[in-house]
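>
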Amino acid sequence: MQRRGNLLTSSLASGFIFGFLSGIPILGALNCACCSLIVGAGVLTSYLLVKGSDIPVSYGRAALGGLLAGLIAVPVYLIASFAFSIIMGGGDFQAEFERNLDEVAQQIPQAQEAAQVVREMGLALIMVFVGVLCAVFYSVFGLLGGLLGRALFERRTPAPVPVPETGTGTGTMMPRDDRWQGPEGGNPPVNPS
Amino acid sequence: MRASAARWCVPLLALLAAVWLALIVAPPLLSGAGRPGTAMLVKLLFAPVCHQIPERSFHLMETPLGVCARCTGIYAGVFFAFLAATFGMIPPVARRRAGAVLLAAAAPSFLLLLLSASGLIPDDAYLRSVAGAILGLGAGACLVPAFQALCAELTTQAPLPTGG
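Residue numbers (my numbering), protein chains in the order written: chain A, 522 to 714; chain B, 438 to 601.
(1) With distance defined between alpha-carbon atoms, name the residue in B/A459, B/P582, B/I461 nearest to B/T523.
(2) Please name the residue, chosen from A/D575, A/C553, A/A583, A/G563, that lies closest to B/L591 on a Cα-to-Cα basis.
(3) Give me the residue from B/S468, B/L540, B/A531 with the minimum Cα distance to B/L572.
(4) Taking 7 Å as the CB-CB limit, is A/G715 close to chain B?
(5) Measure the alpha-carbon distance for A/F539 versus B/L549 and round it to whole angstroms.
(6) Between A/S532 and A/G587, what straight-line distance do the alpha-carbon atoms span, to the nearest angstrom?
(7) Kindly indicate which three-state DSSP category B/T500 falls into: helix, strand or coil?
(8) Distance, Cα to Cα, B/T500 vs B/E492?
(9) Below 8 Å on the Cβ atoms is my contact criterion, and I expect A/S557 with A/L551 to pass it. Report the Cβ-Cβ distance as a whole number of Å.
(10) Tell me whether A/V684 sits in a helix, a strand or coil according to DSSP, three-state version.
(11) Looking at the C-beta of A/L569, does it have a partner C-beta in chain B at a distance below 7 Å?
(12) Report yes or no: do three or more beta-carbon pairs, one from the stretch 562-578 of chain A and one from the stretch 615-633 of chain A, lie closer than 8 Å?
(13) Could you work out which residues of chain B lie near A/V625, taking near to mean beta carbons separated by less than 7 Å?
(14) Buried or exposed: which applies to A/A616, given that a residue is buried once 16 or more other Cβ atoms fall within 10 Å of its Cβ?
(15) Flag this pair as touching only if the stretch 469-483 of chain B and the stretch 532-539 of chain B have three or more C-beta atom pairs under 8 Å; answer yes or no.
(16) Quick check on A/Q615: does DSSP put it in helix, strand or coil?
(17) Quick one: is A/I629 near chain B, going by C-beta distance under 7 Å?
(18) Got a sec: is the Cβ-Cβ distance from B/P528 to anything in chain A below 7 Å?
(19) Between the stretch 460-477 of chain B and chain A, which residues of the former have a C-beta closer than 7 Å to a C-beta of the latter?
(20) Less than 8 Å between the CB atoms is what I'm expecting for B/C487 and B/Q585, so what's the real figure, rounded?
(21) So with CB distances below 9 Å, who are the chain A contacts of B/L580?
(22) Could you check the C-alpha separation between B/S566 and A/A562 for me, to the nearest Å?
(23) Who are the Cβ neighbours of B/I558 in its own chain at under 8 Å, not counting the five residues just before and after it?
(24) Starting from the beta carbon of B/E492, find every residue of chain A whose beta carbon is closer than 7 Å, and list them in chain order.
(25) Would you kindly check if the distance between the Cβ of B/A518 and the Cβ of B/L574 is under 7 Å?
(26) Who are the Cβ neighbours of B/P545 in its own chain at under 6 Å, not counting the five residues just before and after it?
(27) For A/P577 and A/L542, what's the separation of their Cα atoms in angstroms?
(28) For A/V649 and A/P596, I'd like the C-alpha separation in whole angstroms.
(29) Keeping to the same chain, check which residues put their C-beta closer than 7 Å to that of B/G469; ignore five residues upstream and five downstream.
(30) According to DSSP, simplified to helix, strand and coil, what is A/R676?
(31) Give a yes or no on whether 7 Å exceeds the smallest Cβ distance from B/G575 to chain A.
(32) Could you check the C-alpha separation between B/V479 and A/R640 for me, to the nearest Å?
(33) Determine the chain B residues that contact A/A636 at a beta-carbon separation under 8 Å, and present them in chain order.
(34) Using 8 Å for Cβ pairs, my map puts A/L654 next to B/P485. What's the rounded Cβ distance?
(35) Mind reading off the beta-carbon distance from B/A454 to B/F516? Whole number of angstroms is fine, and I expect it under 8 Å.
Listed below in structure tokens is the structure:
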């Protein structure tokens, strides 16, 4: 029986680790360089998948693992940053948010009115907005990390298996990977043309 | 089918990267066009991915771009890597030795970080963005074959049409 790396366990582990690291005040600043910690979560997911699999890991599986790791990292990050800000004596999110908003508004001429509109939206709505934004960005950067990790760590060359294209009668070669999980682990079935 | 998917995915990536770059440059342009509210929203959009410190960012019309100088360089590098791949100009080494390429591409950023932290060279925004662009080029060059393989996998996974 050939082992496939467990997608959910790998994603959970790396998403949790890197989400937590993102929530730590100084260490989390590494995310300021293009979400590098979240890219790291994707890379770690791919590494775990490759290590836990007897057959070459496909790019699709690595990408999905990275995406899941990014999504898992979001709530972990939000909870960890919330906890750390309370531990470190902060916790006044309303004041912190308004300070950040003022900073952005000062950078853009005549943006005070817009800042007021955003301020009136309320903290809860803003937090939902930030959560959704983080989920979108983190899943994309996690996916990129997953692809990079697959390119970095998968050294096994998939054995080519012929897959005939319908209508032409000629076969093309495609790499054999872990997508087909038939009873004997053989080639995927093809439609007769 | 697979060749077609691999052919189209790279220009699509270049287009997405171009849109991302356009969004980075958008806040000063929107502000100049009398749309400060939209400019601020675009600026807030990038908040989760960059510190956006004005002193560490490029300015256009006295307004900082959406992200810092290093991030601007990285994203510009990724865009140019995707653009080069569109015209078939990605070196084969990016496919075979992704680790070495990434390491080499990240080296200038690490070196700059060390040298500027030790005070040997000034912490210059242009230097940061050039080092970031090299990192972006390397990362983009490694991502292109990965995306091509992903597109090929996804298209071959689609159900084959049955003959009628």
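Don't be surprised by glycine CBs; every beta carbon is placed ideally from N, CA and C.
This one's a predicted model, so the numbers in the text were calculated from it and none came from an experiment.
Reading from the atomic positions:
(1) With respect to the C-alpha of B/T523, the residue from B/A459, B/P582, B/I461 having the closest C-alpha is B/P582.
(2) The closest CA to that of B/L591, considering only A/D575, A/C553, A/A583, A/G563, is found on A/A583.
(3) B/L540
(4) Given a span of 522 to 714 for chain A in the structure shown, any question on residue 715 of chain A remains unanswerable.
(5) 25 Å
(6) 7 Å
(7) strand
(8) Spanning the two alpha carbons is a distance of roughly 11 Å.
(9) 5 Å
(10) Reliability of the predicted coordinates at A/V684 is poor, the pLDDT of 49 falling under 50, and no value is obtained from them.
(11) Answer no: the Cβ-Cβ gap between A/L569 and chain B never drops below 7 Å.
(12) These segments do not touch.
(13) M477, K480, L481
(14) A/A616 should be labelled exposed.
(15) no
(16) helix
(17) yes
(18) Chain A contact via Cβ: absent.
(19) P464, S468, P473, G474, A476, M477
(20) So it is not a contact: roughly 28 Å between Cβ atoms.
(21) Simply L665, L668, L669, A672.
(22) 25 Å
(23) L549, L552, L564
(24) Within chain A, no residue comes near B/E492; the closest Cβ sits about 11 Å away, beyond 7 Å.
(25) yes
(26) A568, I571
(27) 29 Å
(28) 12 Å
(29) Only residues of its own chain outside the window of five on either side were considered, and among them M498 have a CB closer than 7 Å to the CB of B/G469, listed in chain order.
(30) coil
(31) Residue contact check for B/G575 against chain A: no CB pair falls below 7 Å.
(32) 16 Å
(33) M477
(34) 6 Å
(35) Indeed they touch by this definition, with Cβ atoms about 4 Å apart.
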